[in-house]
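Counting in this note's numbering, the sequence shown runs from 11 upward without gaps. So the structure is just underneath, and the comments pick up after that.
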Amino acid sequence: MGHFCVNCGAALVPRVIEGREVEACPRDSFVLWHDPKVSTAVVVEADGGIVLGRRSIEPGYGLWCLPGGFVNDDEDPALAAVRECREEISAPVELTGLIGVYHIAKTDAPSMIGIAYKGRLVDGARPAVGAEMLEVRVFPPNSLPPLAFPSHTRVMAEYVRSLAPAEAEGPRPDREAARRAARPSRAQAPTHPRQQR
Ligand SMILES: [Zn+2]
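Next up, the structure:
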């Protein structure tokens, strides 16, 4: 409510487009689409485990998280992920795979599309405290501290599952598809929206 056109300043009015009620400008073509924001998280493999940072800012001050952050409009998400690693854990990281793409539902802010990558420190690089971090450390993947964001917890669970020996599993694509189909959506779960990423 109470939004205005970014082109002409007119008060937006409700309009139904493709069955969805949106706010639109009565004078020109502007439509206030509520698109998700795109954010990355990277499981960075290092000697002895996974690199986590302890946050020096809200949300999640003092808690541990995966390096990552919002993707800028002019960035490829993979490059944004590498940039965030350079900023937050002060190390060059190369991405080695995609863990998954997730919807992170919010109620009082734009929801997010989280893109989780797997990566590793570039040869010889050591992580160090970067922007927005109090501390940076390597943890064994099976004994991580509580993480600041449920989405990161979910990514780590997915990552740990992916470490299971392939021969113990069925054909991976089928197994993945069946598991996803069987799992209830977490998009409905009540959240503390500002505390999550
Ligand atoms: Zn307008």
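Think of the CB as a built atom: it goes at the ideal place given N, C-alpha and C, for glycine as much as any other residue.
Query, Result
"PRO203 versus GLY70 - alpha carbon distance", "Residue placement at PRO203 cannot be trusted, given a pLDDT of 44 that sits under 50; the coordinates are not used to answer."
"Residue from ILE27, PRO46, VAL32 and GLU33 with nearest C-alpha to ALA119", "PRO46"
"Paired residues, beta bridge with MET143 - DSSP", "ARG65"
"Segment contact flag, the stretch 26-44 with the stretch 57-75, C-beta cutoff 8 Å, min 3 pairs", "no"
"Beta-bridge pairing of TRP43 - partner residues as DSSP gives them", "Its beta-bridge partners do not exist; DSSP assigns none."
"Cutoff 8 Å; reference PHE14; Cβ partners in own chain excluding five residues on either side", "ALA20, ALA21 and LEU22"
"Check: ALA20 C-beta below 6 Å from any heavy atom of ligand 1", "yes"
"CB of THR163 within 7 Å of CB of LYS128, strictly", "no"
"Distance between ALA126 and PRO160 (C-alpha atoms, nearest Å)", "13 Å"
"Other residues of its chain near ILE67: CB distance less than 8 Å, five sequence neighbours each side excluded", "GLU142"
"Backbone secondary structure at PRO150 - three-state DSSP", "coil"
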